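Novice: Sharing a structure with you now.
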């Protein structure tokens, strides 16, 4: 598929891969891969890794056709809060994997969506992630939006990149922060040793890190732990979990990032995606959804 667009003023001076990922349905990594193999052109010439775009430039990409969906439909119950021809909003239970991955080839949200939506599910996410605009961790419950049409998927993905989809979580975290409200602005990337983990990367070796910002409000303080409200400004993998662990307040029950004694106070990861707000890409309607956190059990 040949994609092209004129660079708007707000993208003037940015790198070609960032401009391409912002203006097209491609992720940043996918844009970088296309540039690396010579499938992106800027001002009519093959784009290079460090090229900068300018207002009025023509940016084009030869995007490979989408792979056929290879996941199988499965009759898995879904809690659907909203649905129309373009999208649906789901309250995902903890324990449900969002899309197939090594070790989870079936029994995922994608399998459930294929059963529920049939041929109407958007294919923009590719063979393993049809319909998936954003995801939440397996052990985190709560709200996410899935796309049923390619139009909705492209528009919602763009809104996500531009921080126009608001996602708010609640959690129980180790200890009690001193401030009532604060912001964690710390770049995240893959852990240099433990490849399944993310980490705050600062100083040497941090050039691969991506900016990550979490706004935190303390809702309640208890003896040894607290209830926090976390609003994502960016949406990096494991962002809230890594950010809170970085400042010494890891989430209770988080087996990957909580190395304190409080990790054993809960049987599962006490993080919940409780609020989701966005503008419907076709109707322009402002949509806001909430779902209460479960009654978490704390072993005291």
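Residue numbers (the numbering used here): 414 to 713.
Where is the CB? At the ideal position from N, CA and C, for every residue including glycine.
Quantities reported herein were computed from a predicted structural model and do not represent experimental measurements.
Is residue 493 buried or exposed, if buried means 16 or more other CB atoms sit within 10 Å of its CB?
Specialist: Residue 493 comes out exposed.
Novice: What does DSSP give as the partner residue(s) for residue 559 in the beta ladder?
Specialist: Paired residue(s): 501 and 545.
Novice: Measure the CB-CB distance between residue 651 and residue 682 and report whether it falls below 7 angstroms.
Specialist: No, the Cβ-Cβ distance between residue 651 and residue 682 is not below 7 angstroms.
Novice: On the DSSP bridge list, what partners appear for residue 589?
Specialist: Paired residue(s): none; residue 589 is not in a bridge.
Novice: Relative to the alpha-carbon of residue 628, which residue among 657, 699 and 472 has its alpha-carbon at the smallest distance?
Specialist: The shortest Cα separation from residue 628 among 657, 699 and 472 belongs to 657.
Novice: Could you check the C-alpha separation between residue 714 and residue 529 for me, to the nearest Å?
Specialist: Shown here, the chain extends from 414 to 713; a query on residue 714 therefore has no answer.
Novice: Under the rule that 16 or more other beta-carbon atoms within 10 Å means buried, what is residue 499, buried or exposed?
Specialist: Flag for residue 499 reads buried.
Novice: Flag this pair as touching only if the region 562–580 and the region 597–613 have three or more C-beta atom pairs under 8 angstroms; answer yes or no.
Specialist: No: fewer than three Cβ pairs fall under 8 angstroms.
Novice: Taking contact to mean at least 3 C-beta pairs separated by less than 8 angstroms, is the region 498–517 in contact with the region 460–470?
Specialist: At 8 angstroms Cβ cutoff, the stretches do not touch.
Novice: Closest to residue 524 by C-alpha separation, out of 489, 515 and 552, would be which residue?
Specialist: Nearest C-alpha to residue 524: 489.
Novice: What is the rounded straight-line gap between the Cα of residue 438 and the Cα of residue 674?
Specialist: In a straight line, the C-alpha of residue 438 is about 43 angstroms away from that of residue 674.
Novice: Per DSSP, residue 527 is paired with what?
Specialist: Beta-bridge pairing links residue 527 to no other residue.
Novice: Just to confirm the assignment, what range does the alpha helix (DSSP H) spanning residue 655 have?
Specialist: Counting along the chain, the alpha helix (DSSP H) containing residue 655 begins and ends at 652–659.
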